[in-house]
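Protein chains: 4
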Amino acid sequence: MSTTDKQLRVGMVGYAFMGAAHSQAWRTVNRVYDLPARARMALICGRDTGKVADAADRLGWEAYTTDWRDLISRDDIDVVDVCTPGDSHAEIALAALAAGKHVLCEKPLANTVAEARAMAAAAATAQAAGVRSMCGFNYRRVPAVTMMRQLVAEGRLGVIRHVRATYLQDWIVDPQFPLVWRLQRDRAGSGALGDIGAHIIDLTQFVTGQLITGVSAVTETFVKERPLPAGSSGLAATVDGAGSADGNGSAPATGPVTVDDAAVFVARLGGGALATYEATRFATGRKNALRVEINGSLGSVVFDLERLNELEFYDATRPTTEQGFTRILVTEGDHPYMSAWWPPGHIIGYEHSFTHQMRDFIEAVATGADPAPSFADALQVQLVLEAVTRSADLGSSWTEVEPALATVAA
Amino acid sequence: MSTTDKQLRVGMVGYAFMGAAHSQAWRTVNRVYDLPARARMALICGRDTGKVADAADRLGWEAYTTDWRDLISRDDIDVVDVCTPGDSHAEIALAALAAGKHVLCEKPLANTVAEARAMAAAAATAQAAGVRSMCGFNYRRVPAVTMMRQLVAEGRLGVIRHVRATYLQDWIVDPQFPLVWRLQRDRAGSGALGDIGAHIIDLTQFVTGQLITGVSAVTETFVKERPLPAGSSGLAATVDGAGSADGNGSAPATGPVTVDDAAVFVARLGGGALATYEATRFATGRKNALRVEINGSLGSVVFDLERLNELEFYDATRPTTEQGFTRILVTEGDHPYMSAWWPPGHIIGYEHSFTHQMRDFIEAVATGADPAPSFADALQVQLVLEAVTRSADLGSSWTEVEPALATVAA
Amino acid sequence: MSTTDKQLRVGMVGYAFMGAAHSQAWRTVNRVYDLPARARMALICGRDTGKVADAADRLGWEAYTTDWRDLISRDDIDVVDVCTPGDSHAEIALAALAAGKHVLCEKPLANTVAEARAMAAAAATAQAAGVRSMCGFNYRRVPAVTMMRQLVAEGRLGVIRHVRATYLQDWIVDPQFPLVWRLQRDRAGSGALGDIGAHIIDLTQFVTGQLITGVSAVTETFVKERPLPAGSSGLAATVDGAGSADGNGSAPATGPVTVDDAAVFVARLGGGALATYEATRFATGRKNALRVEINGSLGSVVFDLERLNELEFYDATRPTTEQGFTRILVTEGDHPYMSAWWPPGHIIGYEHSFTHQMRDFIEAVATGADPAPSFADALQVQLVLEAVTRSADLGSSWTEVEPALATVAA
Amino acid sequence: MSTTDKQLRVGMVGYAFMGAAHSQAWRTVNRVYDLPARARMALICGRDTGKVADAADRLGWEAYTTDWRDLISRDDIDVVDVCTPGDSHAEIALAALAAGKHVLCEKPLANTVAEARAMAAAAATAQAAGVRSMCGFNYRRVPAVTMMRQLVAEGRLGVIRHVRATYLQDWIVDPQFPLVWRLQRDRAGSGALGDIGAHIIDLTQFVTGQLITGVSAVTETFVKERPLPAGSSGLAATVDGAGSADGNGSAPATGPVTVDDAAVFVARLGGGALATYEATRFATGRKNALRVEINGSLGSVVFDLERLNELEFYDATRPTTEQGFTRILVTEGDHPYMSAWWPPGHIIGYEHSFTHQMRDFIEAVATGADPAPSFADALQVQLVLEAVTRSADLGSSWTEVEPALATVAA
């Protein structure tokens, strides 16, 4: 814990899967890193009084409120952490910025390009007044991912020729899995594309330092009608038998799935590389399989989120007979973010990426620097998502990504 | 060895990489399988007298000739095995079929759809006269691949949702690698697309039992000009210093690369699955990395040619807590083709796929059955390649594959 | 967080590697599990005032003291958590039990059998008075390890024939690595044997439900003299240049390594299995490589701590052609301990084993049950360590393990 | 094929599993390697006329005989290849050497030390007369194994600290598997120990260049009585129902298993390394799992026979953050033995190790060099086996290996 007395009082909106992950990170970050400010878990916000009160108690927040406008209006909150579904990101984040709060907003930044554009503009305005903002592409902070970026930046891969990115899940393979909010366009914006495709877009752009310039895409909804849900938590859910059409539970009411189940696209990066992307929730047996391979003229790297402590690195400048993919266990003290944790070989988990994200966010805010990825970076991802959707609508025709002002600086 | 005295006298055209692989298979097949006919390595053909004489001696052929028309015209040849570059497949195979010879032709069947169409027609005509023909997509006969097809056919994967196929090599990453015949359109037809892309097209159609109906594609030639070659063997080659522009070796003459270095495309299969394909020679560190993953509603399979004795199978009908990808070592006596080889766990290699191919070819010819894949099957692959090229030329627009009469029966 | 108001006020002795890991667990456990009592991080104890004050602040303890006797004598402490080096375990734990405190003691339980015997006796006495005690073999609570035990208990492996256990590290391969406390017999009791060998002894006995009955052993100290240390943290350390013999830093003072660098032994388990064990700090490239394979008449399991979210299970009752090692990602909600964490495929890390340990400890104490492993269980491990040492001293002669009253109940 | 006309006329005794593997190698070796002599498959010998005639035809031998003394006495045989069970090795090899034939003898060299000693002496005598002999430890010629030896010899591993060798199979886990000759001491000499343990003893001594000096061992026979066999092939066999006690098939006659099912031992190598060995036929799920790991002060290597085209190499002299186990695909043209085969990434199989063995044997014989491993080398392995047996008999007491005159030169 830092010797500083400087505090950042955090107000978090949302308490589901992301809210739990962020809470774990806020709770831990100052315990393992020595930072110029301490995060205080001051206030949590949710619409249901009973549930938010319980969440505050369970997750360790000092107080709760049911009105996010109340949270934003309070003087004793420095940071607003937006963990709600995508349809409310813009409204909350814009209000928070306007109120002079630093904002950490979950990805995807918004459900539409228009919203994202407004948010990026507001962030730029706020930035001039010393207000910081950041979008929560937490996988940038997996040590192996940060290390990939460093290898590319140091030229260890040479000219990048290929990017191969897949994010595969299987939680809705069963046609009886209910119509949760993530399967509804008005809540989630899109399906696999925005939820997990956004992650691999950001991650590959971050690692390569190159932006996607154009795409050719196909999207698919395999199961077009699903039972209405009773309740859900994380990525699990139950069907509401009581909601059945005839009232006796034999045939639950159904509704249309309005988002993509899967999105695949070919892309070109600014530096000339050819890239393929696939995001799907129908890859049976793949639970959280974000996998990226990058081939350059001098070497290659491979990353798999289900083995996030490992990085495979192929160095083509080594003697021919000794070349091969080296499985680096990214747990050494001199690997990114790892000095704070355990001895080599003692692995970390998914949640640590959030702790690392909070670490960088706190440091940036406390020292007056701009954290990355910015809202402008996140807008650029949104523009890629939009180009994918447009290409899919136009028979996969090659579609240029509208330029944003984003960079991919760390 | 069979107790039969029936012989199949084989005449093989070509003696390079494929010629060596086929020779090893013809030499071995009757030693390990009990078949209704014995292959006799009767005659080998190549244009250079010295080289073909040496090849005959080294590879174990009884005689040699420098004229493939001579080979075809001889009465004591039953089977013509075409192992030349793609630009001569059609002429040789058509002549052989016309002469009543059974034909085994290496893939891709031809360099153009027109040639392939003529060959398929000729094969159909010849078939009526009891003449058999087959295209050499040898990977169908890797035991793990055959097993994948069986699992799909038995319904173990349920409805197929995704196919993910890559064939990655890296032998021309170096811009100084010379302009061998495989990099010239007039000899090879196409680059990575026809050479290795054809393999994953055939393999995935074979395994799923579904044909590709449409594609959206991008192709790329990263290195557009290369030194002229001095000599090559297999996939290795040397640059001809003597061919340098100024005659003193300081700047070798170069020529344009007229084929693709990489081809990526999204496809749909007849049964509704979404598929991605990538064939490239620029994937640093990937030597012969044919990898296929298929996700169905009830399970998934994964195959990697660099570990061709293994098959990963995910069975989603198992109890939840015990589900996972099972690494099956496909070396049991009751696995396809394996009863002839060694005890379990004693692995086989790349060349065995050719021995298995010869086994099935000999059996079909000797029993009067039609071997698969037929020329019609191979024409259908050619039509997919053609659709890929067309889509790439048309800004990746979705392009239907012209229907052929092919089936994907085993 | 539980709705209970019941508290367990914890006093922890020690604040180094284990202290940090335990702190992370105490801080997290009630945030993710709903338990019948809440742990309060009441008091931390260390000898150096400045360091323990800093640790209290950094790790989040309410107060600190420099005298462990003070900690034990306080009425407002319910649980004593012993995280010191092995030479002080007995004294502290005995005093704590005598004072009626529940005790959680790090492994190995003690440095000698005599001490361990006294502790087990004291624990038995205290237990009659409702005082609970537990030894910190945290790896039992890795979900994949717990699942291994369940599979064995359910008979899924049949009769166990082989156990193969290695715990490989490499942090002292460099002969210049200094003589830290873990390399001194009077502080650590033994070297690799007690530090990491104890883990695999406990883990395999726990999983198989069988005790080791006899051993044949060899131990080795490869580097017999090392520089004296300046400071250390976790498993890292620096050499004290100022401590050099001549005072000018050119030749640091050295001292004898009095523990084993490596210990290997063959063992028999009560149920007839043949087992091999290896613990070493000289396995270059192996950082924290605890690996266990168990072969039974009906199946096998394999576990690797560096991939602790995975379990490989071979089920020999499956059809022959489909048998293989199934890589189970132990991250489903119905896997042990996992309902509290993230969706499937979102992996956990090393530290979670401590959180799970605290979960079971709190539950046991709060409900008046006896947590496992008990001090008696840990004494039994100590008796195995002692038999290993004796066998090594007697030219590897087969040496029976002295029976304890331990069981291997969960 | 070499331009040479020099022939080596081979007479092979035995035609079962090893006979088939050797035949494949003799048939192939001159087709892929350019050697100073050509092997001719002149004569095969077996006791059963019908079976050996069939084998000659199937495997491609020019002639057959049922009397090995006849084979040895013929003038037109240059090489005697001994592929029989171990109980006849000595008699045949001694006679062949006496007759001036070069001898290739399968491992283990003999069933007893006395026999092996006589054979080594005879080989030394014969060697003075220009007669060559070699023992068939074929795994030395797996390219990855040869490469391991080279890495050690070049000092890339530094001082070797640990060797970890296991050879795990599971073909007799079923108690109803019959009592084949490999389970009878008078035929096989020993069980897992001599059959597969001998391989890992030779392999590790070959790779490290160090001999085992002493051992502490345990052996075990888990299933002590088995049904009598009807027939066997390779490692498979059937039970003879007709051999049942009462003649109606309900209870087949059984016999005692007189060899070990498993053997485990700890050893020390001449250079100071600590080594563990395990050979078993009871490791459910492990088919042919010869796995070796060697840890040195500068690096480590790992080899797995079920993935014999791969070698994992850890180079501890690389930068800390980039260290890891590099999976080298040992299929490059400049890897040992690989220039003769296919392009990189096109894997080879189990049988290729025999082809490589024949390559080296032919070259040595044709050029008047001594092939390795010699009979003296094989005697030394026998002495290790004998020490293992002795230690197991003496309660695992440390037992020195009797020195032989063996070296471990390649």
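Chains as they are written, first to last, in my numbering: chain A, 1 to 410; chain B, 1 to 410; chain C, 1 to 410; chain D, 1 to 410.
Cβ atoms here follow ideal geometry from the backbone N, Cα and C, with glycine treated the same way.
Does the region 31 to 39 of chain B come close enough to the region 68 to 76 of chain B that 3 or more CB-CB pairs lie under 8 Å? Segments in contact, no.
Reducing DSSP to helix, strand and coil, say where B/Ala165 ends up. strand
Roughly how many whole angstroms lie between the Cα atoms of A/Asp334 and A/Thr146? 12 Å
Can you name, in chain order, every residue of its own chain whose Cβ lies under 8 Å from the Cβ of C/Val29, other than the five neighbours on each side? Leu35, Ala39, Thr355, Met358, Arg359, Ile362
C-alpha gap between B/Leu311 and B/Leu329, whole angstroms: 7 Å
Neighbouring residues, chain B, relative to A/Gly299 (Cβ below 8 Å): Thr284, Gly285
Straight-line gap, D/Ala242 to D/Gln176 (C-alpha atoms, nearest Å): Any answer about D/Ala242 is weak, because its pLDDT of 45 lies below 50 and its placement is not dependable; what the coordinates show is given next. About 15 Å.
Stretch pair the region 197 to 205 of chain B + the region 308 to 324 of chain B: three plus CB contacts closer than 8 Å: no
Would you kindly check if the distance between the Cβ of A/Ala267 and the Cβ of A/Val215 is under 8 Å? yes
With C-beta atoms as the reference, is A/Val80 less than 8 Å away from A/Ser297? no
Alpha helix (DSSP H) runs wholly inside the region 69 to 135 of chain B, at least 4 long, in chain order: 89 to 98, 113 to 128
With 16 other Cβ atoms within 10 Å as the buried cut-off, status of A/Arg413: Here chain A covers residues 1 to 410 and nothing more, so residue 413 of chain A does not appear.
Compare the C-beta of B/Arg327 against all C-beta atoms of chain C and say whether one is closer than 8 Å. yes
Along chain A, which residues have their Cβ under 9 Å away from the Cβ of B/His162? Leu168, Ala262, Val264, Glu278, Thr280, Phe282, Ala283, Thr284
Are there 16 or more other CB atoms within 10 angstroms of the CB of B/Ser190, so buried, or fewer, so exposed? Using a 10 angstroms sphere on the CB of B/Ser190, the tally of other CB atoms reaches 16 or more, which defines it as buried.
Extent of the continuous alpha helix (DSSP H) to which D/Val142 belongs: Counting along the chain, D/Val142 falls outside any alpha helix (DSSP H), and DSSP gives it neither H nor E.
Endpoints, alpha helix (DSSP H) assigned at D/Asp304: Careful: D/Asp304 lies outside any alpha helix (DSSP H), inside the beta strand (DSSP E) at 299 to 304.
Beta-carbon proximity of D/Glu220 to D/Val257, cut-off 8 Å: no
Closer than 7 Å to a non-hydrogen atom of the ligand SAM - does that hold for the CB of B/Val259? The model depicted lacks the ligand SAM and carries no ligand whatsoever.
Can you pull the chain C residues whose beta carbon is under 9 Å from the beta carbon of D/Asn295, in chain order? Those are Leu168, Asp170, Val173, Thr280, Phe282, Ala283, Thr284, Gly285, Arg286, listed as they occur along chain C.
D/Arg268 - containing beta strand (DSSP E), residue span: DSSP places D/Arg268 inside the beta strand (DSSP E), whose first and last residues are 262 to 269.
Within chain A, partners of D/Phe303 - CB distance below 7 Å: Under the 7 Å cutoff, chain A gives no residues; its nearest Cβ is about 13 Å from D/Phe303.
Relative to the C-alpha of C/Ala262, which residue among C/Val218, C/Phe325, C/Pro344 is closest? C/Val218
Report the residue from B/Glu332, B/Pro319, B/Phe325 whose alpha carbon sits nearest the alpha carbon of C/Pro319. B/Glu332
Would a check of beta-carbon distances place D/Glu332 closer than 8 Å to chain A? yes
Got a sec: which bits of the region 127 to 140 of chain A sit with their beta carbon under 7 Å from any beta carbon on chain C, in order along the chain? Answer in chain order: no residues at all.
Give me the Cβ distance between A/His162 and B/Thr280, rounded to the nearest whole Å; I'm assuming they're in contact under 8 Å. 6 Å
Run through DSSP, which three-state label would D/Thr254 get? strand
Hey, out of C/Gly155, C/Arg27, C/Val32, C/Tyr15, whose CA is closest to C/Asp48's CA? Nearest C-alpha to C/Asp48: C/Tyr15.
Within the continuous beta strand (DSSP E) that includes D/Leu43, where are the two ends? 38 to 45
When you compare the CB positions of A/Ser133 and A/Leu94, do they come within less than 8 Å of one another, or not? no
State the beta-bridge partners of B/Ser216 as determined by DSSP. B/Val266
Below 8 Å, how does it come out for the region 375 to 388 of chain B and the region 379 to 397 of chain D: are there three or more Cβ pairs, yes or no? no
Report the rounded CA-to-CA distance for C/Gly194 versus C/Leu235, giving the unit in angstroms. 15 Å
Are the CB atoms of C/Val173 and C/Phe265 within a distance shorter than 8 Å? no
Between A/Pro227, A/Met148, A/Pro229, which lies nearest to A/Phe206 when the distance is taken from Cα to Cα? Nearest C-alpha to A/Phe206: A/Met148.
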